[in-house]
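Everything in the sequence shown is counted per UniProt numbering, starting at 1 for the first residue and increasing by one.
C-beta: ideal position from N, C-alpha, C; glycine also.
Down below is the structure, laid out as structure tokens.
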Amino acid sequence: MPALSVRVGRNEYDLLVIGGGSGGLACAKEAAQFGRKVAVLDYVEPSPQGTSWGLGGTCVNVGCIPKKLMHQAALLGSALKDAQHYGWNITHPVHHTWSVMAQAVQNYVKSLNWGHRVQLQDKKVKYFNMKGSFSDPHTVRGLTKAGKETVVTADNIVIATGGRPKYPTQIAGALEYGITSDDLFWLKESPGKTSAASVSAAEGPAPEGHSSLAVPSPVAGRAPDTKTLNLETAGVKTNSETGKIIVDASEATSVPHIYAIGDITEGRPELTPTAIAAGKLLAQRLFGHSLELMDYNNVFHAYYKPLEFTVAGRDATQCYMKMVCLREREQRILGLHFIGPNAGEVIQGFALGIKCGATYPQLMKTVGIHPTCAEEVTKLHITKRSGLDATVTGC
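Right under this line is the structure:
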């Protein structure tokens, strides 16, 4: 049974969002568009190494944004190697200054933090930089870094606290000496080489030129950030194995007026655009008389194969694409896998086609844009069942 609360008088807010990441901010701003009184409560618990950041969540601060910018730096390094094959004289050795890159990336992230705060202010959404925990199903206790307490009440509450890296506690010293993505993008100096899962223990600071410790999934991975929310008091149920919050198709938890969106929810893709869309649709259902639910189907990851690899002699053995179709009737496209550079840019348009019910025959009638990697999708004709060589040998 959900927890019950008794209150005299009206709740202070129509909507309280706990968590200032992509999904939470999208939900709050959308709700404010309907003239509702909205508040966002966000707090970043420092990592074991002491790293913290501003408003915007994982994607903005320690995920998609800094990752892609640093990946661009790596691509530029690769381009310098390729350039000599195209006739450019590159002076060797080529040197990279981590601190210059890191400062530029961090400055941009900080500008996004500020932009989110301005947007909330412009839309008259109240922002609390506080750690939240439930006192009852309609009441959240906020605590500042300095220990000041604020009590907030709301008719509807959305939990959008996302996830944080989990440390492999089976490895001695991992917590004291390890770093994660929470720390990597905010380092002032290069971490150097990293150590992988073969590590059994870390007994002290790493030697010169190596990071303390970095272990990949599934040894590490991420866990939902629920430990301080006091969900039991509110009656919100979680999956005992994953720790994620159980929600229905409308994002409602086991307590009807408490919702959850984004990485913290059970069975949902951990993707920024998914959280944003879910947050907006939830606000529209709550305050805009909408009945539209989030469609969690047809969400894919992908990448691709460029002509640019040829002259430089770049290894393209990992460039691969696969389309999954229904075998009967019109052969509707169910999914597309695309491996190679610029995949995100290419896959976006195909995502729309799949969402609109595109079929294999329709795609085969599409004229490819030449010479691009995306056009290779319009030429897929060898089935895996045939066993034929799928190597592309020409136009």
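Worksheet item: Would Gly19 be called buried (16 or more neighbouring beta carbons within 10 Å of its own) or exposed?
Response: Looking up residue 19 in the sequence shown gives position 19. It is buried - the Cβ of Gly19 has at least 16 other Cβ atoms within 10 Å.
Discussion item. In the DSSP output, what is Leu143 paired with across the bridge?
Written reply: The residue labelled residue 143 in the question sits at position 143 within the sequence shown. For Leu143, which the question treats as bridged, DSSP gives the partners Lys131, Glu149.
Discussion item. Rounded to the nearest angstrom, what separates Ala174 and His71 at their Cα positions?
Written reply: Within the sequence shown, the letter at position 174 stands for residue 174. Within the sequence shown, the letter at position 71 stands for residue 71. Those two C-alpha atoms are separated by around 26 Å.
Fill in: Three-pair Cβ contact test at 8 Å for the region 141 to 151 versus the region 232 to 252
no
Fill in: Distance, Ala39 Cα to Pro137 Cα
Start at 1 with the first residue of the sequence shown, and residue 137 comes out as number 137. Start at 1 with the first residue of the sequence shown, and residue 39 comes out as number 39. Near 16 Å, if we compare the C-alpha coordinates of Ala39 and Pro137.
Worksheet item: If you compare alpha carbons, which of Glu149, Leu112, Leu120 is closest to Met130?
Response: To locate residue 130, count along the sequence shown from 1; it is residue 130. Nearest option by C-alpha distance: Glu149.
Worksheet item: Do Gly54 and Lys110 come within 8 Å of each other at the CB atom, strictly closer than that value?
Response: Reading the sequence shown from its first residue, position 110 is the one you call residue 110. Reading the sequence shown from its first residue, position 54 is the one you call residue 54. Their beta carbons are under 8 Å apart, which means Lys110 touches Gly54 by this criterion.
Discussion item. Given the structure, does Thr272 come close to the ligand ZN, in the sense that its CB is under 7 Å from one of the ligand's heavy atoms?
Written reply: Within the structure as shown, the ligand ZN is missing, as the structure has no ligands at all.
Worksheet item: Does DSSP put Asp122 in a helix, a strand or coil?
Response: Residue numbering aside, residue 122 sits at position 122 when the sequence shown is read from its first letter. Here Asp122 sits in helix by DSSP.
Item to complete: Tell me, to the nearest whole angstrom, how far the beta carbon of Ala260 is from that of Val158; I am working on the premise that it is less than 8 Å.
Response: Counting from one through the sequence shown, the residue named residue 260 turns up at place 260. Counting from one through the sequence shown, the residue named residue 158 turns up at place 158. Between Val158 and Ala260 the Cβ distance is about 7 Å, and since that is below 8 Å, they are a contact.
Worksheet entry | Short Cβ contact (8 Å threshold) for Ala83 with Met101 | As a first step, residue 83 is located in the sequence shown; it is residue number 83 there, counting from the start. As a first step, residue 101 is located in the sequence shown; it is residue number 101 there, counting from the start. Against a cut-off of 8 Å, the Cβ pair of Met101 and Ala83 comes out as no contact.
Fill in: Cβ-based burial, Thr75 [other Cβ within 10 Å; buried from 16]
For the purposes of this step, residue 75 is identified with residue 75 of the sequence shown, where counting begins at 1. Thr is not the amino acid found at residue 75; the sequence shown has Leu there. So Leu75 ends up on the exposed side.
Discussion item. By DSSP's criteria, Ile18 is part of a beta bridge. Which residues make up the other side?
Written reply: As a working note, residue 18 is residue 18 in the sequence shown. Answer by DSSP bridge pairing, in chain order: Leu41, Ile159.
Worksheet item: Can you give the Cα-Cα distance for Gly63 and Phe134, rounded to whole angstroms?
Response: Counting from 1 along the sequence shown, the entry for residue 63 is found at position 63. Counting from 1 along the sequence shown, the entry for residue 134 is found at position 134. Their backbone Cα atoms lie some 28 Å apart in a straight line.
Fill in: Bridge partners - Thr359, DSSP secondary structure assignment
Position 359 of the sequence shown holds residue 359. DSSP, once it has assigned bridges, lists Arg332 as partnering Thr359.
Fill in: With 16 other Cβ atoms within 10 Å as the buried cut-off, status of Glu30
For the purposes of this step, residue 30 is taken as the residue at position 30 of the sequence shown. Buried, by the Cβ-count rule.
Practice prompt. Compare the beta carbon distance of Arg164 and Asp183 with 8 Å and say whether it is the shorter of the two.
Written response: As a position in the sequence shown, residue 164 is number 164, starting the count at 1. As a position in the sequence shown, residue 183 is number 183, starting the count at 1. Contact: no.
Fill in: Expected contact under 8 Å - CB spacing of Val17 and Ala28 to nearest Å
Reading the sequence shown from its first residue, position 17 is the one you call residue 17. Reading the sequence shown from its first residue, position 28 is the one you call residue 28. Rounded, the Cβ-Cβ distance is 5 Å, consistent with contact.
Worksheet entry | 8 Å contact criterion, which Phe350 and Val324 should meet: CB distance rounded | Position 350 of the sequence shown, counted from the first residue, corresponds to residue 350. Position 324 of the sequence shown, counted from the first residue, corresponds to residue 324. Between Val324 and Phe350 the Cβ distance is about 12 Å, and since that is not below 8 Å, they are no contact.
Practice prompt. Identify whether residue 455 lies in helix, strand or coil by the three-state DSSP scheme.
Written response: What is shown of the chain runs 1 to 395, which leaves residue 455 out entirely.
Discussion item. Our contact map puts Ala220 next to Thr180 with C-beta atoms below 8 Å; I'd like the distance itself, whole angstroms only.
Written reply: Start at 1 with the first residue of the sequence shown, and residue 220 comes out as number 220. Start at 1 with the first residue of the sequence shown, and residue 180 comes out as number 180. With a Cβ gap of about 7 Å, Ala220 and Thr180 count as contacting.
Worksheet item: With a CB to CB cut of under 7 Å and the five nearest residues on each side skipped, what residues in its chain are close to Arg36?
Response: In the sequence shown, residue 36 corresponds to position 36, counting from 1. So the qualifying residues of the chain are Asp14, Leu15, Phe287.
Fill in: Supposed contact pair Gly21 and Ala160 - C-beta distance, whole angstroms, cut 8 Å
For the purposes of this step, residue 160 is taken as residue 160 along the sequence shown, with counting starting at 1. For the purposes of this step, residue 21 is taken as residue 21 along the sequence shown, with counting starting at 1. About 6 Å separates the two Cβ atoms, so the contact holds.
Worksheet item: Closest by CA to Ile369, which one among Tyr177, Thr242, Cys59, Val346?
Response: One-based indexing of the sequence shown puts residue 369 at position 369. Cα-wise, what sits closest to Ile369 is Val346.
Worksheet item: DSSP on Ala302, reduced to helix/strand/coil?
Response: To locate residue 302, count along the sequence shown from 1; it is residue 302. Because the pLDDT at Ala302 is just 29, under 50, the model does not fix this residue reliably, and the value given afterwards should be weighed accordingly. Three-state DSSP puts Ala302 in coil, outside helix and strand.
Worksheet item: Going by other Cβ atoms of all chains shown within 10 Å of its Cβ, with 16 needed for buried, is Gly192 buried or exposed?
Response: The residue given as residue 192 occupies position 192 in the sequence shown. Per the 10 Å Cβ criterion, exposed.
Discussion item. Measuring only the C-alpha atoms, how far is Pro93 from Ser78?
Written reply: If you number the sequence shown from 1, residue 93 lands on position 93. If you number the sequence shown from 1, residue 78 lands on position 78. When rounded, the distance between both Cα atoms is 13 Å.
Worksheet item: Smallest Cα separation from Arg222: which of Gly340, Glu270, Tyr320?
Response: Against the sequence shown, residue 222 aligns to sequence position 222. Here the closest residue by C-alpha is Glu270.
Worksheet item: Do Ile382 and Tyr360 have their CB atoms nearer than 8 Å?
Response: Here the question's residue 382 lines up with position 382 in the sequence shown. Here the question's residue 360 lines up with position 360 in the sequence shown. It is not a contact, given that the beta carbons lie outside the stated cut-off.
Worksheet item: Would you report the Cα separation of Asn156 and Thr58, rounded to the nearest angstrom?
Response: Working through the sequence shown from its first residue, we reach residue 156 at position 156. Working through the sequence shown from its first residue, we reach residue 58 at position 58. Approximately 24 Å between the Cα atoms of the pair.
Worksheet entry | Rounded straight-line distance, which links the Cα of Ile354 to that of Gly335 | For this step, residue 335 is matched to residue 335 along the sequence shown. For this step, residue 354 is matched to residue 354 along the sequence shown. Between Gly335 and Ile354, the C-alpha separation is close to 7 Å.
Worksheet item: Starting from Ala260 and walking both ways along the beta strand (DSSP E), at which residues does that stretch end?
Response: To locate residue 260, count along the sequence shown from 1; it is residue 260. Here the beta strand (DSSP E) through Ala260 covers 258 to 260.
Fill in: Cβ-Cβ distance between Leu293 and Ser250 below 8 Å
Here residue 293 refers to the residue found at position 293 of the sequence shown. Here residue 250 refers to the residue found at position 250 of the sequence shown. Yes.
Fill in: Cβ separation of Asn113 and Gly56, assumed to be a contact under 8 Å, to the nearest whole Å
On the sequence shown, position 113 is the one that residue 113 refers to. On the sequence shown, position 56 is the one that residue 56 refers to. Yes, they are in contact, since the Cβ atoms of Asn113 and Gly56 sit about 6 Å apart, within 8 Å.
Fill in: CB contact flag (Gly132, Leu25, <8 Å)
Translated into positions along the sequence shown, residue 132 becomes position 132. Translated into positions along the sequence shown, residue 25 becomes position 25. Contact: no.
Discussion item. As a quick exercise: from Gln331, Lys81, Thr97, pick the residue whose alpha carbon is nearest that of Thr91.
Written reply: As a working mapping, residue 91 is identified with position 91 in the sequence shown. Of the listed residues, the one whose Cα sits closest to Thr91 is Lys81.
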